[in-house]
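S.K.: Keeping their order, the protein sequence lines are chains R and A. 13 is the number that this note's numbering gives to position 13 of the first sequence; each next residue is one higher, with no gaps. If you count the second sequence from 1, you need to add 157 to reach this note's numbering. Using N, Cα and C, we set each Cβ at its ideal position, and we do this for glycine too. One structure, as structure tokens, below. Some questions next.
2 protein chains.
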Amino acid sequence: MTTVTADPTVPIIHITRDFLATPEQVFRAHTDPELFARWVGPDTTRTRIDHWDARSGGSWRYVSVTDDGVEFAVRGCFHDVRRPDRIVQTFTFEREPDGVALQTTWFEDLGNGRTRLRTQSLVDSFEGRDGMLKTGMRIGLDNGYAKLDRILINDNR
Amino acid sequence: MTTVTADPTVPIIHITRDFLATPEQVFRAHTDPELFARWVGPDTTRTRIDHWDARSGGSWRYVSVTDDGVEFAVRGCFHDVRRPDRIVQTFTFEREPDGVALQTTWFEDLGNGRTRLRTQSLVDSFEGRDGMLKTGMRIGLDNGYAKLDRILINDNR
Chain R
1 MTTVTADPTV PIIHITRDFL ATPEQVFRAH TDPELFARWV GPDTTRTRID HWDARSGGSW
61 RYVSVTDDGV EFAVRGCFHD VRRPDRIVQT FTFEREPDGV ALQTTWFEDL GNGRTRLRTQ
121 SLVDSFEGRD GMLKTGMRIG LDNGYAKLDR ILINDNR
Chain A
158 MTTVTADPTV PIIHITRDFL ATPEQVFRAH TDPELFARWV GPDTTRTRID HWDARSGGSW
218 RYVSVTDDGV EFAVRGCFHD VRRPDRIVQT FTFEREPDGV ALQTTWFEDL GNGRTRLRTQ
278 SLVDSFEGRD GMLKTGMRIG LDNGYAKLDR ILINDNR
């Protein structure tokens, strides 16, 4: 189950999700562009990676394409890629170029081939944070992580 | 005069400083590595640029060297470099690698060859923000901007 919570004291969204896979496997699903494109986002979109350099100081951009052909692009830079523990990156929807989130993802080893994925998205205002929560991010997360579950289970067969 | 304030509602430090120069000149002093190294930081340190790619998606790293030879390094990535209006970048002291600030700098045209520089540094906790305020950042800002004043005045002669 994916948990999405709004922090009460700072403009952060916290996301938590457990996977039946090792931190190394879940980390790779966030850094390998072909693998990432297979699971990220809602079931109604496809992902086209435009640019991807998952190293500290690298950058990334991808385009989501809906079933009816609408495209929207997101981009950012990788501040810190620390295998297999943590990724820190920036995130902007290109149609709202002034908005920037600082996103940190932790890959926590629960033992027995299980990993807890924790993500926090930090922005500079509560209004901005609450706006992000209303964009339908929930369906994208639920669909995306379910796709990732299936990929990881096939990996482990 | 440099104004440094702690935001009451979000973990941000706001910094404001006016310059007798155009936005283009002040912007260039933040993106040209040789020029940047001449003014940034307190009078008691020198700056050695290690890496510098001031483009959206680029990254940077520099080392400050004190008069008695102590070195400390800082690094980050450039999320958005929008000449001459805005720079968004990440910032980490390498001796505290888990701490990351998202720093936005605006270059506001006041007319008559004057520019208001506004910077906000956003972190993920008030404790972290208040710790930053205690690191002696004030002397570095005051010294640095005074050096930048002199560089810009010489430019305009």
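Counting only Cβ-Cβ distances shorter than 9 Å, please list the residues of the stretch 66-80 of chain R near chain A, keeping chain order.
M.R.: ARG75, GLY76, CYS77, PHE78, HIS79 and ASP80
S.K.: Is there at least one Cβ from chain R nearer than 9 Å to GLY288 of chain A's Cβ?
M.R.: Looking up residue 288 of chain A in the second sequence gives position 131. No, its Cβ sits nowhere closer than 9 Å to a Cβ of chain R.
S.K.: ASP255 of chain A: which of R:GLU94, R:THR92, R:LEU117 and R:ARG86 sits nearest, CA to CA?
M.R.: As a working mapping, residue 255 of chain A is identified with position 98 in the second sequence. When only C-alpha atoms are compared, the closest one is R:ARG86.
S.K.: Is PRO168 of chain A close to chain R? Criterion is C-beta to C-beta, closer than 9 Å.
M.R.: In the second sequence, the residue the question calls residue 168 of chain A occupies position 11. Closer than 9 Å to some Cβ of chain R, the Cβ of PRO168 of chain A qualifies, so yes.
S.K.: DSSP three-state call for ASP175 of chain A: helix, strand or coil?
M.R.: Residue mapping note: residue 175 of chain A aligns to position 18 of the second sequence, counting from 1. DSSP places ASP175 of chain A in strand when its eight states are reduced to three.
S.K.: Run through chain A and tell me which residues come within less than 8 Å of ASP124 of chain R, C-beta to C-beta.
M.R.: In the first sequence, the residue the question calls residue 124 of chain R occupies position 124. The contacting residues are VAL167, ILE169, LEU259, THR261, GLN277 and LEU279.
S.K.: Using CA atoms only, rank isn't needed, just tell me which of R:ARG138, R:ASP32, R:THR66 and R:GLY69 is closest to ASP53 of chain R.
M.R.: The residue you call residue 53 of chain R lines up with position 53 of the first sequence. Checking every option, the nearest Cα to that of ASP53 of chain R belongs to R:ASP32.
S.K.: Whose C-beta lies closer than 6 Å to the C-beta of PHE93 of chain R among residues of the same chain, with five residues either side of it excluded?
M.R.: In the first sequence, residue 93 of chain R corresponds to position 93, counting from 1. Excluding residues within five positions, the ones whose Cβ falls inside 6 Å are VAL74.
S.K.: Of the residues R:SER56, R:TRP60 and R:SER64, which one's Cα is nearest the Cα of ARG48 of chain R?
M.R.: Sequence index remark: in the first sequence, residue 48 of chain R carries index 48 (1-based). For ARG48 of chain R, the nearest C-alpha among the options comes from R:SER64.
S.K.: Put VAL123 of chain R into one of helix, strand or coil per three-state DSSP.
M.R.: Here the question's residue 123 of chain R lines up with position 123 in the first sequence. Coil.
S.K.: In this structure, does DSSP put GLY58 of chain R in helix, strand or coil?
M.R.: Residue numbering aside, residue 58 of chain R sits at position 58 when the first sequence is read from its first letter. It is coil, neither helix nor strand.
S.K.: Would you mind listing the beta strand (DSSP E) stretches within the stretch 244-288 of chain A that are 3+ residues and don't spill past its ends, in chain order?
M.R.: 258-268 and 271-279
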